[in-house]
Each structure stands twice: as C-alpha cells, then as structure tokens.
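Novice:
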Amino acid sequence: MLLEHHGRRPVVPESAYVAPSAVLCGAVVLGEGSRVLHGAVLTAEDGEVHLGENSVVMENALVRGRASHPAMMGAAVMVGPHAHVNGATVEAEVFIATGASLFPGSYAGAGAELRINSVLQVNSRLAAGTVLPIGWVAVGDPAQLFSPDRHDDIWAIQQTLNFPGTVYGADRNTTMRDIMAGQSAYYGTHHDDRQLPNPN
C-alpha cells in the first residue's frame, strides 16, 4: 500500500517491487531493483526514507525516517525480518539480520553485519566491516560492543547519548505521560494520509 503523507508520496521505480501487504508512507524513495516484502513498513512521518539499489527489506521489518534523522540505506543492503531501522544511516552492503534494531542517529559502516537481535544504540557509530554478534549491543561513537549481560557497562555509555532527547525531543526527567501525549500527537498526523494506486 502506498500512502501520501503531508503531500509527500513514495517514489517507486519500475524495477522495484513492493508486496501488496507492505506499506510505504510519505517521503520514501526506493532504488532500482529494490524489494519490499510482505508486511514491511517504510514510513516517513517527518523525515525521509531512502532504500538503495538492489536492497531488500524483508517481511515485517520497520524502517522509519525522522526529521533530524532520515533513514538512509545504501546499495545492496539486507534488512531482515522483524528488524527495526529507525532514523539510522546504513552504508552499502550492510547485513541487518532478523530482529536487529538501529536507533535514531546511529550509523552502520559499509559491509557491517548486525546479527540476530543485535542493537545499535542511539547516536552510536559502528565501523565499516564490524560484526555485531547475536544479541549484542553496540553503543558509543566509535561503538563499543557488549554482550547483553553487561547492562551496567552499556548504560554507562548510553546515558551520555541522550536517548530521550534524540528519540522523543524530551529531557530525561520528562514523565511518560508527557512523552506519550507528544507521541500521540506526532503519530496522529496520519489521520490525513491518502492511499495511492499501487505501482506494481
């Protein structure tokens, strides 16, 4: 399904494929030969999404562009099933495995591998060619890699990266009620989305 959001429409070249159950919303630009499979969502509420040439977004993955952090993916990128790419920059030939998560302001260098259920934290930079092991967390700039049982070490770095400010535009002392009121208004802008004809 293609949706116009605030006057911005997805751009889908003839050589690309979008599955009937996938959703492209707003300023989403697909590269030549790219593929978006069933249940995947590429959404640009207030920032762009770019998918490079011959890149594939697998089933039920989410790619979100944000105003301060567009989702920019290079050529030959694989976004695995149930992966989450939110406001991240992903260079060419990156492999993002099933369930991996990339948070706003993060960067994955060319040829990096983010293995199953791994996490690239907000404002963190994974160097080109780096392998982030299954379930591990990369945090910092440059990113340090930690097994998930090292919460205190992860948090020591993560707390300096301004997660609430980057993701929600709020300081750390903002209540959940206030954050969610803002998020409700933010996502409420979809009330005026308009469905467009499918190009396939």
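In my numbering, the protein residues as written are 22 to 221.
Beta carbons are placed, not taken as given, at the ideal position from N, Cα and C, and that holds for glycine.
From this set, A159, G130, R136, which residue's C-alpha is nearest V142's C-alpha?
Specialist: According to the sequence provided, residue 142 is Gln. The question's Val does not apply to it. Selected option, being the one with the closest Cα: A159.
Novice: How close, in whole Å, do the beta carbons of L24 and L166 come, if the pair is a contact with beta carbons under 8 Å?
Specialist: 37 Å between Cβ atoms; not a contact.
Novice: Out of R171, V188, H59, which has the shortest C-alpha to C-alpha gap to V78?
Specialist: Minimum Cα distance to V78 is reached at H59.
Novice: Quick one: does the C-beta of T181 sit closer than 7 Å to a heavy atom of the ligand NAP?
Specialist: In terms of ligand content, the structure shown is empty, and the ligand NAP therefore cannot be addressed.
Novice: Could you tell me whether the region 110-126 touches the region 88-98, where touching means 3 or more Cβ pairs closer than 8 Å?
Specialist: Touching, yes, given that three or more Cβ pairs across the two stretches are closer than 8 Å.
Novice: Which residue or residues does DSSP assign as beta-bridge partners of T64?
Specialist: Per DSSP, C46, R85.
Novice: Assuming H103 and G120 form a contact by the criterion Cβ under 8 Å, report the distance between their Cβ atoms to the nearest whole angstrom.
Specialist: About 5 Å; that satisfies the 8 Å criterion.
Novice: Who are the Cβ neighbours of S127 in its own chain at under 6 Å, not counting the five residues just before and after it?
Specialist: So the list reads A109, L141, S145, once near-sequence residues are dropped.
Novice: Identify the continuous beta strand (DSSP E) that holds M93 and give its terminal residues.
Specialist: 92-94 is the span of the beta strand (DSSP E), which, as asked, contains M93.
Novice: Name the one or two DSSP bridge partners that S122 has.
Specialist: According to DSSP, S122 bridges with H105, V140.
Novice: Are the CB atoms of L123 and V98 within a distance shorter than 8 Å?
Specialist: Against a cut-off of 8 Å, the Cβ pair of L123 and V98 comes out as no contact.
Novice: If I measure Cβ to Cβ from T187 and keep anything under 7 Å in the same chain, skipping five residues before and after, which residues do I get?
Specialist: P125, G126, V143, N144.
Novice: Rounded to whole angstroms, what's the CA-CA distance from T196 to L182? Just pull it up for me.
Specialist: Their backbone Cα atoms lie some 19 Å apart in a straight line.
Novice: So, V70 versus V57, is the Cβ gap smaller than 8 Å?
Specialist: Against a cut-off of 8 Å, the Cβ pair of V57 and V70 comes out as no contact.
Novice: Compare the Cα-Cα distances from A61 to each of G47, G73, N81 and report the closest residue.
Specialist: Minimum Cα distance to A61 is reached at N81.
Novice: Going by other Cβ atoms of all chains shown within 10 Å of its Cβ, with 16 needed for buried, is G47 buried or exposed?
Specialist: Buried.
Novice: Just grab the DSSP bridge partners of I117 for me.
Specialist: According to DSSP, which records beta bridges pairwise, I117 is partnered with V100, L135.
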